[in-house]
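The structure appears right after this line, and notes come after that.
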Amino acid sequence: MQDTSKNVTIAIDEIPENVAIYKFEEGDFVIVDFNKNAQKTEHISKEEVVGKKLTEAFPGVKDFGLFDILLNVYEDGKPRELDTRLYKDEKVNSWRYNSVRKLPSGELIVFYKDVTKYKELEDEVHHLDKETAHKRKKVQLLAKALEQTDDMVLITDANGIIEYVNDSVTLKTGYDKSELIGSKTNIFKSGKHTNEFYKNLWGTILSGKNYHSIVIDKTKDDRLYYADLKITPLFDENKTIQNFVATSTDITSRIKMEKKLKKLATIDSLTKIYNRYKIDEAINIQIARYRRYKEPFCIFMFDIDNFKTVNDTYGHDAGDRVLKALSRLVSNHIRTTDIFGRWGGEEFVIILENTSKEEAFVITEKLRKIVEVSVIDGKYKITISIGVAQYEESESREELVKKADKALYRAKENGRNQVVAA
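Here's what the structure looks like:
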């Protein structure tokens, strides 16, 4: 667990956004990690906040709505975004955009950034909707005020023809302004979204509504990047759409980090195969597939016979090498569709998709023999005992696992180095 925590800290410190990780305890959220950028933004060190309750470290968190969003995401697992206002002397001092996600571990990760300039632009645009004179010129002047920001600003006419881009757009995409002005926005199209995706985008903004989504766009030299995109329609005095203002932020590093954290949360740090959390999740998926398609599946649980003797005789480092070597051996002799993970200690679980109990017995007996004749880590001879269980109608995940565990126990009781099917 310490290695995993260290890896998480390194991962979140690598990205340019503010990042905080929380866990839910006794009706509050405890701060688990706080990256370097967040420490700089809040003028506070990690040591001052990690381990503290969120409401103690940041007393105003309930007032501006973030606490409720955290609670909602924790309860239903659905990602949410929220713009929050920060006050000073009873006046809005700044705005922050928060993106909240639930990690496989159950902890929450929050990415946040200052969006005060965005909000000032939106406010100006709102007032411009009530004016008729020099509208485009004023909008462009407002956008030019954002030339120094890392955020990308782009203005089009009602047909999606680009009329203005700020310097951040050219820096990110590699296009010159002369190449973009007069072009359609599909110049950034990556090919990673369906026609339905773009139909929904245009349907939303042409109906006069604001649009917000994460998109994959493409640079001039065909590099892909993730962008957090917001599009706002602008209207004339007759409520006819005249322009669209698009603001976006490159969040590629955040997306990559989320994937990295997800991997850290589902991979066993010692053996580099799936961990118990991931196996539980995979069994649930197989149960759902069975209930829909009636495809049989089995799981089998195995452990190393007399593993305590290995640890006692050669030491725990040797025991760890055996676990890693066994994991590699088994990984090389299972099907690509099989899902393999460490259940805990010297116990492992494999999920066999679309496999009957009879087929599973043949597969596991073959694996048992392979382990028996192999030399593990170049010097150790070991055997394994295996318990097989097939999923039956209306069983829960817990009942299925318990059935495999009981079969494994019988294999041990019957003399070890054998397969027993429930």
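The sequence shown begins at 1 in full-length UniProt numbering and counts up one residue at a time. No residue lacks a Cβ here, since even glycine has one placed at the ideal position from N, Cα and C.
Helix, strand or coil for residue i? Go by DSSP, reduced to three states.
| i | result |
| --- | --- |
| residue 316 | helix |
| residue 180 | helix |
| residue 421 | strand |
| residue 67 | helix |
| residue 72 | helix |
| residue 203 | helix |
| residue 379 | coil |
| residue 426 | Since the first residue of the chain shown is 1 and the last is 422, residue 426 is not available in this structure. |
| residue 284 | helix |
| residue 17 | coil |
| residue 103 | coil |
| residue 404 | helix |
| residue 98 | strand |
| residue 195 | helix |
| residue 231 | strand |
| residue 133 | With a pLDDT of 42 at residue 133, under the threshold of 50, the modelled position of this residue cannot be trusted; read the value that follows with caution. If DSSP states are grouped into helix, strand and coil, residue 133 belongs with coil. |
| residue 293 | helix |
| residue 151 | coil |
| residue 11 | helix |
| residue 409 | helix |
| residue 110 | strand |
| residue 367 | helix |
| residue 175 | coil |
| residue 353 | coil |
Between the Cα of residue i and the Cα atoms of the options, which residue gives the shortest distance?
| i | options | result |
| --- | --- | --- |
| residue 339 | 115, 45, 285 | 285 |
| residue 224 | 244, 314, 191 | 191 |
| residue 239 | 208, 230, 229, 256 | 208 |
| residue 392 | 79, 294, 332 | 294 |
| residue 37 | 321, 194, 354, 16 | 16 |
| residue 276 | 307, 243, 341, 218 | 341 |
| residue 401 | 182, 227, 113, 298 | 298 |
| residue 22 | 328, 213, 74, 397 | 74 |
| residue 244 | 193, 229, 257 | 229 |
| residue 306 | 381, 256, 82 | 381 |
| residue 366 | 384, 354, 202, 353 | 384 |
| residue 66 | 109, 39, 267, 52 | 109 |
| residue 258 | 413, 85, 105, 52 | 105 |
| residue 337 | 328, 354, 329, 327 | 354 |
| residue 329 | 372, 157, 296, 25 | 372 |
| residue 155 | 242, 215, 201, 76 | 242 |
| residue 101 | 314, 116, 255, 220 | 255 |
| residue 376 | 54, 343, 326 | 326 |
So, is residue i buried or exposed, given that buried needs 16 or more other C-beta atoms within 10 angstroms?
| i | result |
| --- | --- |
| residue 59 | exposed |
| residue 171 | exposed |
| residue 98 | buried |
| residue 96 | buried |
| residue 173 | buried |
| residue 302 | buried |
| residue 111 | buried |
| residue 272 | exposed |
| residue 321 | buried |
| residue 166 | buried |
| residue 62 | exposed |
| residue 300 | buried |
| residue 348 | buried |
| residue 169 | buried |
| residue 197 | exposed |
| residue 45 | exposed |
| residue 313 | exposed |
Say the cut is 6 Å; is the CB of residue i nearer than that to a heavy atom of the ligand NAD?
| i | result |
| --- | --- |
| residue 369 | Within the structure as shown, the ligand NAD is missing, as the structure has no ligands at all. |
Sorted by chain position, which residues of the same chain lie with C-beta nearer than 6 Å to residue i's C-beta, five sequence neighbours on each side aside?
| i | result |
| --- | --- |
| residue 35 | 12, 13, 19 |
| residue 319 | 310, 311 |
| residue 231 | 205, 211, 244, 246 |
| residue 49 | 31, 34, 57 |
| residue 119 | 95 |
| residue 370 | 333 |
| residue 360 | 298, 352, 388 |
| residue 260 | 11 |
Which same chain residues, not among the five before or five after residue i, have their C-beta less than 7 Å away from its C-beta?
| i | result |
| --- | --- |
| residue 130 | Because the pLDDT of residue 130 is 48, which lies under 50, any placement of that residue in the model is unreliable, and the question is left without a value. |
| residue 364 | 300, 386, 388, 419 |
| residue 331 | 273, 340 |
Residues in the same chain with beta-carbon distance under 8 Å from residue i, minus the five sequence neighbours each way, listed in chain order, please.
| i | result |
| --- | --- |
| residue 72 | 78, 80 |
Could you check how far apart the C-beta atoms of residue i and residue j are, in whole angstroms? I think they sit under 8 Å.
| i | j | result |
| --- | --- | --- |
| residue 420 | residue 387 | 6 Å |
| residue 218 | residue 270 | About 40 Å; that fails the 8 Å criterion. |
| residue 160 | residue 184 | 5 Å |
| residue 304 | residue 346 | 4 Å |
| residue 334 | residue 282 | Not confirmed; about 14 Å, so no contact. |
| residue 227 | residue 194 | With 8 Å as the limit, residue 227 and residue 194 do not qualify as a contact, their Cβ atoms being about 17 Å apart. |
| residue 163 | residue 181 | 7 Å |
| residue 84 | residue 64 | 4 Å |
| residue 422 | residue 411 | Their Cβ separation, rounded to whole angstroms, is 11 Å, which puts residue 422 and residue 411 out of contact at 8 Å. |
Could one say the Cβ of residue i lies closer than 7 Å to chain D's Cβ atoms, at least one of them?
| i | result |
| --- | --- |
| residue 58 | Absent here is chain D; the protein component of the structure consists of one chain. |
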